[in-house]
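Residue numbers (the working numbering), protein chains in the order written: chain A, 1305 to 1410; chain B, 641 to 816; chain C, 2 to 360; chain D, -3 to 128. Here the structure is laid out as structure tokens; the discussion comes afterwards.
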Amino acid sequence: MLKFIGNILQNLTHKPATRPYPYQKRAPIAGNRGHLVIDPAVCIYCGLCSKRCPTQALAVTRKPNPNSWTLDPYRCILCGYCVEVCPKHCLSLKPEHGDYSSPNSP
Amino acid sequence: MKVLAKSPWAVHFNCNSCNGCDIEFLACLTPLYDLERFGVLHIGNPKHADILVVTGSVNHRNARVLENVYIQVPDPKVVVAIGVCTSTGGIFADCYNILGGIDKVIPVDVFVPGCPPRPEAIIDGMVQSLAKLEAKRAGKKVEPARKPTFTFRPPAEAEAPVTPSPAGSAGRGGKE
Amino acid sequence: MSRITVIPFGPQHPVLPEPIQLRLELKDEKVVSALPVVGYVHRGLEKLVETKDYLQTVYITERVCGICSFIHSVAYCQGIETIMGVEVPPRARYLRVIWSETHRLHSHLLWFGLLADSFGFENLFMQIWRAREAVLDLQEATAGARVILGTCCVGGVRRDIDQTGRDLTLATLDKLEQDIKKIANPILKDYGVQQRTVGIGRISRELTYERGAVGPTARAAGIAQDLRQTGYAAYGELDFQPVVETAGDCYARLQVRVREMNQSIELIRRALERMPASPISVPVKGNPDGETVSRVEQPRGEVIYYLRGNGGKNLARMRIRTPTFANIPALLAMLPGAELANVPVITLSIDPCISCTER
Amino acid sequence: MIMNLSEIKLENLIGAVAAKRASGYRFVTITCSDLGDAFDLLYHFDKELKLETLRVRLPKGAELPSISAEYFAALLVENEIKDLFGIAVAGMLLDYQGRFLLPEDAPRNPWRRPSGDADPGAAPRKEGSDHE
């Protein structure tokens, strides 16, 4: 019975367990694999990432075509293999989960 | 975000998932994330539901089951596809028994990318789907969800550094 | 007067998180026989090794199952390392143990919650899943993802646990131990739970062994067999002893898993304490040529990987036999004689993972 | 590099499996691979954490005797092999008629390769490869 009262008091005084997402966002946890970003200025468009990607989520074009790097976030499994093999370290994984609603993301 | 007048119920269908997305969707219903804050209640009967939450890609045996569940959900309804398998087949797209994303079988209103998506991403997707459901209830026409790809070019070569892909390019990342 | 009726249980059923069908033949309320119908989650992912190279295959094996994903990748990587003769650095072996055990913790908690839901304790389900989130947060902080960790690679692991991660792990384990003490242990003594599990789905030790059951299903029937006894990764240095119960019913399976949770907490603490300083991975050169069988212990039991490479960068054959596949024959022996209302509890008591089973 | 591997002839299979059962082995699984002109079948057994394997070579077109009378648990994996490789398995206690994993409109026997086909994506085989 006393234990029960303790529980009630605890429930009254403690903060709610629920995280109030999306009204209040948690601080991103460093090192999390949230979404993939590229620095297009550093990239040499060698295509190694797209060769290594296990899901063919990446596509790279280079000369004679114009250089480009394309990500399909609806195929990407965020494994980070591309980040490991990139010779210029221009790819990185950011801790927040990707928001692909705007045309300029990620 | 607007508070919704009605409480939409969700039915969850595991199509061909590895359980990663399933347990993350269930985690959304538990105290820490608590989707019931938005009135979303997880129920077992498709006839009671407004939202169909699907995880996993479509294979030969469950395509018909998915279609049946979809038909049983009364109108207006929205479909939320959780995870990359559900969107395109993901890492399993090349398997012999995989047909691809669920949009091959039923129309999809919201795609949530990620493998598996975090509960925060699923909540974002659910909130988006609530807005679409409201629009459908009001009799507005709602476009099916797109799966855009994102192309980047070296800044020196492109006037516009970022070119959004054409609408609805559901293709396979343009790998030729 | 009684006659035989056939009731399909599943594929879409409120207590089944995954699609599997059991065709139950009933005489009144009693099950006479059961027949599994599977194939709803069959992908054919073993065949993918023919198109993806052996390093990419790690990410496929992680996605065989989202619940025990890390342990799948450990089994695969150990197999490839055996074929190629790669010696994994000691710290990596300890890190593999730590993440394997956090996976076991979250898997057992998840199962416990689902079982509570299946015998009608929804509040308990919520409480357990709240406790489980601590493990997922820990995995997110130490490995970079909540469920599919992606930290195991051929030749070692991809991430280290530093001092901050270590402190966080220990703090999480203390909290979790308290939660398990507060939730799980009283539940084992609860009258309602015992009414719903004791004597339900009982199976004898001999029949369990004959049907080839593995993992907690076998250990609850008195078979002291756990692949961790073979000492793969760093288990050989952690004084591991399997958890055994003898009753062979749903309650015994519950007891085994609750005790295993406490054991996992203890194993992680020991591993953190004894973990030596060393590099966390070695570079791997060349292609696998040869064949091997790799076995590790998952939350649900023994998983066995057969791998065969022939000098190319793709493997020629990968075959996965998962624990649920081995436990289904035992399940079919548990069901006859049970009441229809107990079928969900009995089915869940083997912790079925259909995604693993059908691959 | 499989430990405790013994190669047996197809006609001795049932006898060897029965001997395993008599000496208290637990059935683990059957692994099948298509080598092009024949199937390679590995029967794994376990006793006190020691894995023993029997290797059987099954020519294409030949019938595989079922061991489900000895070990009931072999039933599921035999049905799976029948589905995926199109091997006729004789005497199964329960036959799903090739519809265990794959439904009607799925590809038939997806693992079966035409006779004489080499391993997929393989480099030229080295001398003394250990599974020949």
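Idealized CB from N, CA, C, for every residue including glycine. From a predicted model like this one, the values you see are computed outputs, not experimental measurements.
Min CB distance residue i to chain C below 8 Å
i	result
A:I1333	yes
D:A69	yes
A:N1336	yes
B:A667	yes
B:E760	no
A:G1351	no
B:F678	no
D:L37	no
Beta-carbon gap between residue i and residue j smaller than 8 Å
i	j	result
D:R51	D:E3	yes
A:K1398	A:V1341	yes
D:L90	D:A65	no
C:G156	C:E82	yes
A:G1384	A:R1330	no
C:M276	C:E47	no
C:V148	B:I762	no
D:F41	D:R53	no
Between the CA atoms of residue j and residue i - distance to the nearest angstrom
i	j	result
C:V136	C:M262	12 Å
B:T728	B:G740	5 Å
C:L255	C:S350	8 Å
C:C78	B:K687	45 Å
C:T348	C:S265	24 Å
D:S125	C:P289	Note that D:S125 scores a pLDDT of 35, beneath 50, so its modelled location is shaky and nothing firm can be said.
C:E267	C:R167	14 Å
B:F653	C:P90	43 Å
B:A807	A:E1388	Its pLDDT being 40, under 50, B:A807 is placed unreliably in this model, and the value from its coordinates should be taken loosely. If I take the Cα positions, the gap works out to 31 Å.
C:A219	D:R17	18 Å
C:N315	B:N737	20 Å
C:A222	C:E340	21 Å
C:L106	D:V85	40 Å
C:M335	A:I1381	39 Å
C:G232	C:M127	35 Å
B:T789	A:A1361	9 Å
C:P345	C:F120	8 Å
B:F665	B:P759	7 Å
C:V244	C:V259	10 Å
B:N685	B:L706	13 Å
D:A119	C:Y307	The predicted model places D:A119 with a pLDDT of 42, which falls under 50 and marks its position as unreliable, so this point remains unresolved.
C:I72	B:I731	19 Å
D:P106	D:T49	25 Å
C:T152	C:V158	6 Å
C:V87	C:V33	52 Å
8 Å Cβ cutoff, residue i in contact with chain D
i	result
B:N737	yes
C:Y307	yes
B:H700	yes
Residue-level contact to chain A via CB, residue i, 8 Å cutoff
i	result
C:A235	no
B:T789	yes
B:G754	yes
C:Y60	yes
C:K53	yes
Residue-chain proximity (residue i, chain B), Cβ-Cβ < 8 Å
i	result
D:G117	The predicted position of D:G117 is uncertain, since its pLDDT is 45 and thus under 50; a value taken from the coordinates is nonetheless stated next. No, its Cβ sits nowhere closer than 8 Å to a Cβ of chain B.
A:I1312	no
D:I98	One detail in the question is off: residue 98 of chain D reads as Leu in this sequence, not Ile. Yes, D:L98 counts as interfacial toward chain B.
D:D106	Per the sequence presented here, residue 106 of chain D reads as Pro, with Asp not at that position. True, the Cβ-Cβ gap to chain B drops below 8 Å.
A:R1323	yes
A:C1347	yes
C:R320	no
C:V65	yes
C:S70	yes
A:Y1378	yes
Inset, instruction - Indicate whether the contact test is met: 3 or more Cβ pairs, each with one atom in the segment 37 to 46 of chain C and one in the segment 345 to 358 of chain C, closer than 8 Å. - result: yes
Inset, instruction - Please determine if the segment 11 to 23 of chain D and the segment 66 to 81 of chain D are in contact, where contact requires at least 3 C-beta pairs separated by less than 8 Å. - result: yes
Legend entry - Those runs of the beta strand (DSSP E) which lie wholly inside the segment 657 to 712 of chain B and span at least 3 residues: 681 to 683, 691 to 696
Inset, instruction - Please confirm if the segment 323 to 332 of chain C is in contact with the segment 212 to 227 of chain C, defined as three or more CB-CB distances below 8 Å between the two stretches. - result: yes
Inset, instruction - Decide yes or no for the touch test of the segment 740 to 754 of chain B against the segment 705 to 716 of chain B: beta carbon pairs closer than 8 Å, at least 3 of them. - result: At 8 Å Cβ cutoff, the stretches touch.
Inset, instruction - Could you say if the segment 654 to 673 of chain B and the segment 64 to 72 of chain C meet the contact criterion of at least three C-beta pairs nearer than 8 Å? - result: yes
Inset, instruction - Kindly confirm or deny that the segment 180 to 199 of chain C and the segment 294 to 304 of chain C touch, where touching means at least three C-beta pairs closer than 8 Å. - result: Output reads no: the segment 294 to 304 of chain C does not touch the segment 180 to 199 of chain C.
Legend entry - Every unbroken beta strand (DSSP E) within the segment 721 to 752 of chain B, with a cutoff of 3 residues, ordered by chain: 738 to 740, 750 to 752
Inset, instruction - Quick one: which unbroken alpha helix (DSSP H) runs of 4-plus residues sit fully inside the segment 273 to 339 of chain C? Chain order, please. - result: For the segment 273 to 339 of chain C, whole alpha helix (DSSP H) runs of length 4 or above, ordered along the chain, are 324 to 335.
Inset, instruction - Check each residue of the segment 22 to 35 of chain D: if its Cβ is closer than 9 Å to any Cβ of chain F, include it; give the result in chain order. - result: The question asks about chain F, but that chain is absent: this structure's protein chains are A, B, C and D.
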